[in-house]
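Some notes on the structure that comes next.
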Amino acid sequence: MKRKGVDEFPFCVHLVSWEKENVSSEALEAARIACNKYMVKSAGKDAFHLRIRVHPFHVLRINKMLSCAGADRLQTGMRGAFGKALGTCARVAIGQVLLSVRCKDNHGVHAQEALRRAKFKFPGRQKIIVSRKWGFTKFNRAEYTKLRAMKRIVPDGVNAKFLSNHGPLANRQPGSAFISATSE
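Structure representation (structure tokens):
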């Protein structure tokens, strides 16, 4: 559930592509449905947040050729061979994340199984990687809890903002105008 804050779902697992390929929009939709269905059944409707990390912007085209009698008078072969749109796909590189699921630690096994089932909807090879980060943030789990206790991180939806030593003093909280640059 994407309305849950950054503190709600600390566990994160990714489905990573291990080949350079095109992934069709139909395959992405089938994987989303398979992953979502398993997670709703095993963990509950409000117990996870699934994110599709690639977008099918690349348009696939086809130059249809007629194969009936008298088709040679209608066709021009490779002259003007720019085809009509057939579908869309996402161009995926090696090591690129396809799907991500964040949830609570007790539902981590269910998230991995859901991504394993979604893996069968894609061509090529994929790997399921358990993230060391806190949810969808860029902070490690230990680092996140430490910075959160020091009030150096502010929740920002499903992510978190790091409060640095830069910026106007008027925006600082009372008592935290000067934060020591060294981590304790």
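Quick note on numbering: this note's numbering labels position 56 of the sequence shown as 191, and the sequence is numbered without any gaps.
For every residue, glycine included, the Cβ atom is placed at its ideal position computed from N, Cα and C.
Item                                                                                  : Value
Beta-carbon gap between K296 and L150 smaller than 8 Å                                : no
Residue from V194, L298 and P303 whose Cα sits closest to the Cα of M285              : L298
Pairwise C-alpha distance: I229 and T280                                              : 31 Å
The region 138-155 in contact with the region 239-250 per 3-pair CB rule at 8 Å       : yes
DSSP beta-bridge partners of V189                                                     : According to DSSP, which records beta bridges pairwise, V189 is partnered with nothing at all.
8 Å Cβ shell around N275 - same chain, five flanking residues per side excluded       : R267, K268 and W269
C-alpha distance - E164 paired with A225, whole-angstrom precision                    : 12 Å
C-alpha distance - A178 paired with H245, whole-angstrom precision                    : 7 Å
Local conformation of H242 per DSSP, three classes                                    : helix
For A225, the three-state DSSP class (helix, strand or coil)                          : strand
For S235, the three-state DSSP class (helix, strand or coil)                          : strand
Assigned secondary structure, V158 (DSSP; H/G/I helix, E/B strand, else coil)         : strand
Integer-rounded CB distance, given that V158 should sit under 8 Å from V189           : 7 Å
Cβ shell of I288 (< 8 Å), same chain only, five flanking positions each side left out : F274, Y279, L282, A295, K296, F297 and L298
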